[in-house]
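Student: Position one of the sequence shown corresponds to residue 546 (the numbering used here), numbered consecutively onward.
This is the structure I have questions about; it appears just below.
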Amino acid sequence: MSKKILVLPGDGIGPEIIAEAVKVLEAVRDTHGVDITLEQDDLGGAAYDRYGSPLADETLARARAADAVLLGAVGGPQWDSIDPALRPERGLLKIRSQLGLFANLRPALLYPQLASASSLKPEVVAGLDILIVRELTGGIYFGSPRGNEVRADGKRFAYDTLPYSEDEIARIARVGFEMARVRNGKLCSVDKANVLASSQLWRAVVNEIATDYPDVEVSHMYVDNAAMQLVRAPKQFDVIVTDNMFGDILSDQASMLTGSIGMLPSASLDANNKGMYEPCHGSAPDIAGRGIANPLATILSAAMLLRYSLGRGDAADAIEAAVGKVLDAGLRTADIALPGEKVVGTAEMGDAVVRALKVA
Ligand code: IPM
Ligand code: MG
């Protein structure tokens, strides 16, 4: 039976990079006989403009009915001054939460061809292969109470809440352990247990779950130290499991180790491996519409979609190999080019991946 994929291009460079990932998905229909039907809808600012809401009910219903969702990126300065409850980002947070996508997998993998594009010395990052497992539907992003008010003294006051239940921690910890088990057997849990109550519970629960995974070597690190270790000696990490906000921050940092955030895909999964797939980078409004954005993170997100939600690891491997080949051939978008290297545009890069897939 045909698998349904809902495609949400979003805002900024979203439509441009999604167009290339769609080309690649259409190509694996032919090369690998992957039976997929693609549908398209809006999310974020585009949805606000069309439906008056960053996530329309009908879009959410289509996402629920789909086997997987492929997302570009959301946000842009034109929506900065609208009601905060209707901002593009709220649409993204709502779809994550409503679909129960609690497990966000953000691999930071260095393509050897790009070792010198990293801001760190090639020897520090050569062979880098980290997986950040970020809790995505809890913590300070969703905690209540939250708000802002003007107090009796006339001063403004705002607050957020960082809650975690033991069940929320246990289920993301299990994802971390399962991932470590099929990778290099090391899990580092990142928290701020020297200060935060939620982190103290986090650490305790991770240690309890660890007893089910005696084959995985577990360690704990405070988030400030983890940020430092990521730039000092990043290869010490295999899988990092952490909360929503720490994972947001550390995954941007880890991405730069690989040369460009334009290379990093992500998967957000529910308990049944239904998922939404999106590049780790944002909507880059400054370069939108110019055809220069790097589509590889989105193409690699489509590969993750095939692997995790459609059970087609074969097609995913082929896409990842095709990306390796175009990099071997020296194709570079502006974000991963060294001074003097020839630069290709978004569509040229997507076309090259499709060609590499077809000759494989
Ligand atoms: C991310 C983004 C989002 C987040 C924003 C756009 C709400 O930074 O996916 O990392 O903070 O989760
Ligand atoms: Mg982020």
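Glycine included, C-beta positions come from ideal geometry on N, C-alpha and C.
Just so it is clear, the structure is predicted and the values come from calculations on it, not from any experiment.
With DSSP collapsed to three states, give me the class of residue 944.
Tutor: Residue coverage of the chain in this structure runs from 546 to 905, which leaves residue 944 outside it and unanswerable.
Student: Considering just the uninterrupted stretch of the alpha helix (DSSP H) at residue 648, what are its terminal residues?
Tutor: Stepping through the sequence shown from its first residue, residue 648 is reached at position 103. No alpha helix (DSSP H) holds residue 648; the beta strand (DSSP E) holding it covers 648-654.
Student: Cα-Cα, which of 687, 547, 566, 733 is closest to residue 795?
Tutor: The count along the sequence shown starts at 1 and reaches residue 795 at position 250. Among 687, 547, 566, 733, the Cα nearest to that of residue 795 belongs to 733.
Student: At what residue ranges does the stretch 607-664 contain a whole run of the alpha helix (DSSP H), taking only runs of 4 or more?
Tutor: For the stretch 607-664, whole alpha helix (DSSP H) runs of length 4 or above, ordered along the chain, are 633-643.
Student: Any idea if residue 662 is buried or exposed, counting beta-carbon neighbours within 10 angstroms, 16 or more meaning buried?
Tutor: What you label residue 662 is simply residue 117 of the sequence shown in a count that begins at 1. With 16 or more other Cβ atoms within 10 Å, it is buried.
Student: By Cβ distance, which residues of its chain are closer than 6 Å to residue 582, with the 5 residues on each side in sequence left out?
Tutor: In the sequence shown, counting from the first residue as 1, residue 582 sits at position 37. Excluding sequence neighbours, residue 582 sits near 547, 549.
Student: Pull every residue with its beta-carbon under 5 Å away from any heavy atom of the ligand IPM, and keep them in chain order.
Tutor: For the ligand IPM, the selected residues are 634, 793.
Student: Mind pulling the alpha helix (DSSP H) runs of 4 or more residues that sit fully within the stretch 666-719?
Tutor: Taking only runs of at least 4 residues, the alpha helix (DSSP H) segments lying wholly in the stretch 666-719 are 667-670.
Student: Cβ atoms of residue 658 and residue 896: under 9 Å apart, would you say?
Tutor: Taking the first residue of the sequence shown as position 1, residue 896 is located at position 351. Taking the first residue of the sequence shown as position 1, residue 658 is located at position 113. Cβ distance not < 9 Å, so residue 896 and residue 658 don't count as in contact.
Student: Does the pairing of the stretch 632-647 with the stretch 743-757 give three or more beta-carbon distances under 8 Å?
Tutor: No: the two stretches stay apart, fewer than three of their Cβ pairs being nearer than 8 Å.
Student: Give me the Cβ distance between residue 824 and residue 621, rounded to the nearest whole Å; I'm assuming they're in contact under 8 Å.
Tutor: What you label residue 824 is simply residue 279 of the sequence shown in a count that begins at 1. What you label residue 621 is simply residue 76 of the sequence shown in a count that begins at 1. Rounded, the Cβ-Cβ distance is 16 Å, inconsistent with contact.
Student: Which one of 886, 889, 866, 838 has the shortest CA to CA distance from residue 561?
Tutor: In the sequence shown, residue 561 corresponds to position 16, counting from 1. Cα-wise, what sits closest to residue 561 is 838.
Student: Taking buried to mean at least 16 other C-beta atoms within 10 Å of its own C-beta, is residue 880 buried or exposed?
Tutor: Looking up residue 880 in the sequence shown gives position 335. By the neighbour-count rule (16 or more Cβ atoms within 10 Å), residue 880 is buried.
Student: Classify residue 883: buried if its beta carbon has 16 or more other beta carbons within 10 angstroms, exposed otherwise.
Tutor: Position 338 of the sequence shown, counting from 1, holds the residue named residue 883. By the 10 Å Cβ count, residue 883 comes out exposed.
Student: Just list the residues that DSSP pairs residue 585 with in beta bridges.
Tutor: Your numbering for residue 585 matches position 40 in the sequence shown. Its beta-bridge partners are 552.
Student: According to DSSP, is residue 824 helix, strand or coil?
Tutor: By 1-based counting over the sequence shown, the position of residue 824 is 279. Reduced to three states, the DSSP call for residue 824 is strand.
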